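Before any comments, here is the structure.
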Amino acid sequence: MVHKIVRFLSFASDSIYKLRFVQNLLFKYNCKEIVSINGDFNLEVKTGELISNYLYHFNTWEPTITHYILQSLEDLNCRSFVDIGANLGYFSVLVSKLNPESMVYSYEPMPYLYASLKRNIEINELSNIEAIQSAISDKVGSLEIFEGHPLNSGNCGVHKVSESKDGIQVNSILLLSQIPKMKYQPRIIKIDTEGSEDRILFQLEELIKILPKDIEFLVEINPHLIGKQKANDILEQFLGFGFKAYQMKNSYEVDFYLNPPKSFLCVLDGPVEKQMDILFTYKTAESLPI
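Here it is in structure tokens:
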């Protein structure tokens, strides 16, 4: 009920979200809801958790990344969108629903998140999406993953941090082995795995050889988890293969969701010092679809 009241009041004034007590209320209640995302598709969310609450109240998640993917939808005709760390499936369902000519491959190893992903595929009656309950990593077999803070389902990963619960064993596969199995060649590979990016991309040279020339990677890089050396090794590798690197503005502040920036990509001209989302592409800034 509190969520519905806050949501109703927001139609009259965006400033309702800027009140601290309202922001606190966004995370206190726990119920399953079916949310219509701008009338385009539906998602079952569990309020009381970060990603679900943002989807419930703002109908979007990571608005700048969402905008970039929406602007790239036509490029995904008869191509694959690869979502590594799919969580409950927001980006996967968005692409699958809004471009039925595409194919989506969603990788999510955590059992409860995989169940949410499958549920959201079912709700939207999607047939051009394949959900795989495996982690992409640097080995084949099993891998220990830790569930993060109970208020943030996106905080699961291979690194045990202060908020982590006990780890569980999940299936682990290589990205290099997955690409040849895909129906269409990948166009965008999105990686958001809370500190596994170095393991996922450990065969980058071999991947580049089999991927199409217009491939793009959207990668969250977290030097706090993988270390600054590994973070910048990833950057240097991409640059060495001729990619251009653009930092994508991203924030979880309420104001960022109420008023997303119109300009959100800038050339990355320095080392990776903090967590950031980076677009690796062969395109020049002038040719980017923003």
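Following this note's numbering, the numbering of the sequence shown begins with 11 at its first residue and continues without gaps. Ideal placement from N, C-alpha and C gives every residue a C-beta, glycine not left out. Owing to the predicted nature of the structure, the values given are computational and were not obtained by experimental measurement.
DSSP-derived helix/strand/coil call for residue i
i           : result
residue 27  : In this prediction, residue 27 has a pLDDT of 47, which is less than 50 and means its spatial position is unreliable; nothing more can be read from the coordinates.
residue 179 : strand
residue 200 : strand
residue 243 : helix
residue 95  : coil
residue 250 : helix
residue 262 : coil
residue 294 : coil
residue 105 : helix
residue 147 : coil
residue 223 : coil
First through last residue of the alpha helix (DSSP H) which encompasses residue i
i           : result
residue 86  : Counting along the chain, residue 86 falls outside any alpha helix (DSSP H), and DSSP gives it neither H nor E.
residue 217 : 214-220
residue 235 : 233-236
residue 72  : No alpha helix (DSSP H) holds residue 72; DSSP gives it neither H nor E.
Residue i: first and last residue of the uninterrupted beta strand (DSSP E) it sits in
i           : result
residue 42  : 42-47
residue 277 : 275-277
residue 257 : 254-258
residue 61  : Here residue 61 belongs to no beta strand (DSSP E); instead the alpha helix (DSSP H) covers 60-68.
residue 131 : Element bounds for residue 131: not the beta strand (DSSP E) but the alpha helix (DSSP H), 121-133.
residue 186 : Run containing residue 186: none in the beta strand (DSSP E); it sits in the alpha helix (DSSP H), 185-188.
residue 139 : 139-142
From the options, residue whose alpha carbon lies closest to that of residue i
i           : options               : result
residue 60  : 273, 271, 251 and 159 : 159
residue 56  : 105, 119, 161 and 83  : 161
residue 135 : 278, 110, 248 and 147 : 110
residue 40  : 51, 58, 91 and 123    : 58
residue 292 : 49, 248 and 168       : 248
residue 228 : 286, 212 and 166      : 286
residue 180 : 197, 232, 195 and 122 : 122
residue 216 : 86, 186 and 283       : 186
residue 267 : 246, 147, 67 and 53   : 67
residue 269 : 73, 178, 126 and 197  : 73
Supposed contact pair residue j and residue i - C-beta distance, whole angstroms, cut 8 Å
i           : j           : result
residue 189 : residue 220 : 6 Å
residue 97  : residue 163 : 6 Å
residue 90  : residue 112 : 7 Å
residue 231 : residue 207 : 6 Å
residue 43  : residue 130 : Incorrect: roughly 12 Å between the Cβ atoms, too far for contact.
Closer than 9 Å to chain D by CB, residue i
i          : result
residue 90 : Note that chain D does not occur in the displayed structure, where there is just one protein chain.
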